[in-house]
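If you use numbering that gives the first Met the number 0, the sequence shown corresponds to residues 0 to 196, in order. The structure appears below as structure tokens.
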Amino acid sequence: MSATKLLVLGVVHLSGGAHGYQVRSELQNWRAEIWAKIKPGSIYHALKKAAADGLLTEQAEPGNSGPERVLYHVTAQGRDEIVELVRDGLRRTHDPTMLDAAIAMLPMLTRADAIAHVDERVVRLEAELEEQAKWREHPDRDTPEHVRDQVELWAGHARIELEWAKSLSQRLSEGAYTMADDPGSWRTVPDHLETHF
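Right, here's the structure in full:
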């Protein structure tokens, strides 16, 4: 649910306000149903829940030829929630869906904040690899061989992710991406304007 919440809040905010079908359409364009496992119904549920929690405002508008539509805007509390969810997704290991959502919303952080949380991920991955190496060197005799093979797979994933995280931190340090504290970032876009990213 955190990944869905992050993506829904992020799309509403970066759009300057959106209807549910616009959020759904944007996330479908990103193919989020594959990498974030988002189902259309969960988008509408996330919008309603975020509004109930004070993260979004709801404004009823007349529909083109049918019932009223609801226009959502992110509140200040919602913007804070987006930032915290991105931070959490960057530092939390073993949750690829949340990491993917955090990367999709990475520009919501300042450059220094993004680097700090990616670097925290690096430290956690290095610690996990060290722990896995010790376990592989001295496995419990009762652990089946195929389970030991599984640990090799996990270690392989962690090594690749570690390389990627170090590379991302380096690219951010060199100025990659327009981050929240850069000119032209989402913070400089008035809330009433629609933006496309």
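Glycine included, C-beta positions come from ideal geometry on N, C-alpha and C. It should be emphasised that the depicted structure is a prediction, and the values quoted were computed from it without experimental measurement.
Residue environment for His93: exposed (fewer than 16 other C-beta atoms within 10 angstroms of its C-beta). Under the 10 Å beta carbon count, Ile159 is surrounded by fewer than 16 other beta carbons and is classified as exposed. Cβ-Cβ distances below 7 Å link Gly53 to Thr74, Gln76 in the same chain, with the five nearest sequence neighbours on each side left out; the list follows chain order. Contact between the stretch 159-174 and the stretch 110-129 is established, with three or more Cβ pairs separated by less than 8 Å. For Thr56, the three-state secondary structure derived from DSSP is strand. With fewer than 16 other Cβ atoms inside 10 Å of its own Cβ, Thr142 counts as exposed. The beta carbon of Ile81 is closer than 6 Å to those of Leu8, Gly9, Met107 in its chain, skipping five residues each way along the sequence.
Taking a C-beta distance under 9 Å as the contact criterion, Ala31 and Ala103 qualify as a contact pair. DSSP places Leu70 inside the beta strand (DSSP E), whose first and last residues are 68-73. Here Ala111 carries a helix assignment [DSSP, helix/strand/coil]. For His18, the three-state secondary structure derived from DSSP is strand. Remark: C-beta atoms of Leu105 and Val122 do not approach each other more closely than 9 Å. Counting the other CB atoms within 10 Å of its CB gives Glu25 a total of 16 or more, which places it among the buried residues. Per DSSP, the unbroken alpha helix (DSSP H) holding Asp148 starts and ends at 144-172. DSSP places Tyr176 in the coil class of the three-state scheme, outside both helix and strand. In terms of Cα proximity to Leu89, the closest of Ala179, Gly183, Ala2, Ser184 is Ala2.
Excluding sequence positions up to five before and after Arg140, its CB lies less than 7 Å from no other CB in the same chain. The Cβ atoms of Ala164 and Leu124 sit closer than 9 Å to each other. By the neighbour-count criterion, in which a residue is buried when 16 or more other Cβ atoms sit within 10 angstroms of its Cβ, Arg110 is buried. A distance below 9 Å separates the beta carbons of Leu55 and His72.
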